[in-house]
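Worksheet: one structure, shown below.
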Amino acid sequence: MKKIIVLASLLIFSSCAELQQIAEQSGYGVTNAEISSGLKQALEFGIDKEVTKLAEENGFFRNELVRIGLPPELQKVDKTLRDVGLDALADEGLKVLNRAAEDAVSEAIPVFTSAVTQMTITDARNILLGADDAATQYLQTKTTAELYTRFNPIIANSLEKVGATKVWANIIQRYNAIPLTSKVNPDLPDYVTNEALDGVFIMIAQEEKDIRNTVAARTTSLLKRVFALQD
36 MKKIIVLASL LIFSSCAELQ QIAEQSGYGV TNAEISSGLK QALEFGIDKE VTKLAEENGF
96 FRNELVRIGL PPELQKVDKT LRDVGLDALA DEGLKVLNRA AEDAVSEAIP VFTSAVTQMT
156 ITDARNILLG ADDAATQYLQ TKTTAELYTR FNPIIANSLE KVGATKVWAN IIQRYNAIPL
216 TSKVNPDLPD YVTNEALDGV FIMIAQEEKD IRNTVAARTT SLLKRVFALQ D
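Just so we're aligned, residue 36 is where the sequence shown starts under the numbering used here, counting upward by one.
Take a look at the structure:
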């Protein structure tokens with residue numbers, strides 16, 4: 036009951052002074068500055084752990100949660116190739132899409148760092164008392180447009196660099212040689228960019244949910260004190 040009263044009070048009072056007073060009265064001794072620092076720390080940990088992991092070779096390709104498959108326009112190409120025994124060619128086509136995402140994703144780190152730095156006390160309060168992915172939603176709102184702008188040219192270049200243009204030209208050529216098929220020409224850089232962004236936010240959300248729901252995942256005393264307020 037005491038925790039419920041604390042959370043309700045935090046929602047009602049919006050000024051820094053009021054929030055600090057409520058926090059101090061709660062018995063947890065958590066100040067406004069600590070709430071903000073705790074949320075920033077949680078985000079920084081998630082960014083460092085998950086985004087860095089995605090930027091490694093096979094960070095996307097070997098991760099079933101975010102592995103990039105074919106756009107709907109090309110799924111029939113993949114199926115047809117496999118049906119006629121061209122599995123290796125289809126697999127290579129998938130691999131180059133994921134490699135492009137892995138090349139681009141490290142660009143997310145400075146963008147996220149900037150967004151975390153700009154977080155206000157109000158942002159921190161709303162995130163702490165929000166949904167399991169409230170911090171991820173904050174990052175998504177603040178960074179998606181800039182991330183797309185950064186990711187897209189890198190992915191386009193990567194697709195060219197790793198031979199994706201050649202690979203897909205070969206795939207489409209072989210596919211079009213099969214009777215009763217028609218040419219397909221999707222915008223692969225745009226597709227892979229959006230899939231890469233989705234993957235980044237999926238992994239950060241997973242880390243956030245872990246910190247919120249698993250006490251053992253709160254690896255610092257600050258995280259333990261701050262997230263105790265939302266337990």
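Glycine included, each C-beta is placed from N, C-alpha and C at the ideal position.
Taking the alpha helix (DSSP H) that residue i belongs to, which residues open and close that run?
i, result
"residue 187", "169-196"
"residue 238", "223-248"
"residue 157", "156-163"
"residue 70", "67-81"
"residue 128", "122-139"
"residue 260", "256-263"
"residue 214", "Per DSSP, residue 214 belongs to no alpha helix (DSSP H) and is neither H nor E."
"residue 145", "143-152"
"residue 90", "87-90"
If I measure Cβ to Cβ from residue i and keep anything under 8 Å in the same chain, skipping five residues before and after, which residues do I get?
i, result
"residue 105", "112, 113, 128, 129 and 132"
"residue 232", "179, 182, 183 and 186"
"residue 257", "69, 72, 73 and 76"
"residue 42", "Model confidence at residue 42 stands at a pLDDT of 37, short of 50, so the residue's coordinates are unreliable; what they give is reported in the following sentence. Counting only Cβ-Cβ distances below 8 Å, and skipping sequence neighbours, we find 164, 264 and 265."
"residue 241", "85 and 100"
"residue 255", "76"
"residue 146", "178, 181, 182 and 185"
Find out if the Cβ-Cβ distance for the pair residue i, residue j is shorter than 8 Å.
i, j, result
"residue 186", "residue 142", "yes"
"residue 168", "residue 259", "no"
"residue 238", "residue 99", "no"
"residue 157", "residue 236", "no"
"residue 89", "residue 234", "yes"
"residue 194", "residue 214", "no"
"residue 65", "residue 250", "no"
Among the options, which residue has its Cα nearest to the Cα of residue i?
i, options, result
"residue 148", "259, 74, 257 and 261", "74"
"residue 150", "175, 134 and 135", "175"
"residue 116", "222, 205, 251 and 84", "205"
"residue 109", "66, 80, 211 and 152", "211"
"residue 208", "103, 161, 121 and 67", "121"
"residue 248", "135, 166, 226 and 152", "166"
"residue 152", "123, 134, 139 and 173", "173"
"residue 196", "222, 134, 162 and 161", "134"
"residue 203", "119, 123, 118 and 97", "123"
"residue 92", "118, 126, 155 and 139", "139"
"residue 67", "222, 201, 155 and 192", "155"
What is the C-beta distance between residue i and residue j, in whole angstroms, given that I count them as a contact (C-beta under 8 Å)?
i, j, result
"residue 144", "residue 246", "In fact, because the Cβ distance is near 19 Å, the residues do not count as touching under 8 Å."
"residue 137", "residue 95", "5 Å"
Given residue i, which residues of its chain have a CB within under 6 Å of its CB, disregarding the five upstream and five downstream residues?
i, result
"residue 199", "131"
"residue 252", "245 and 246"
"residue 162", "74, 169, 170 and 173"
"residue 125", "113, 116 and 117"
Ignore the nearest five residues each way along the sequence and tell me which others in residue i's own chain have a CB closer than 7 Å to its CB.
i, result
"residue 47", "At residue 47, the pLDDT of 32 sits below 50, so the modelled position is not reliable; the number obtained from the coordinates is stated separately. So no residue of the chain qualifies."
"residue 228", "183, 186, 187 and 190"
"residue 159", "70, 71 and 74"
"residue 226", "106"
"residue 102", "95, 96 and 133"
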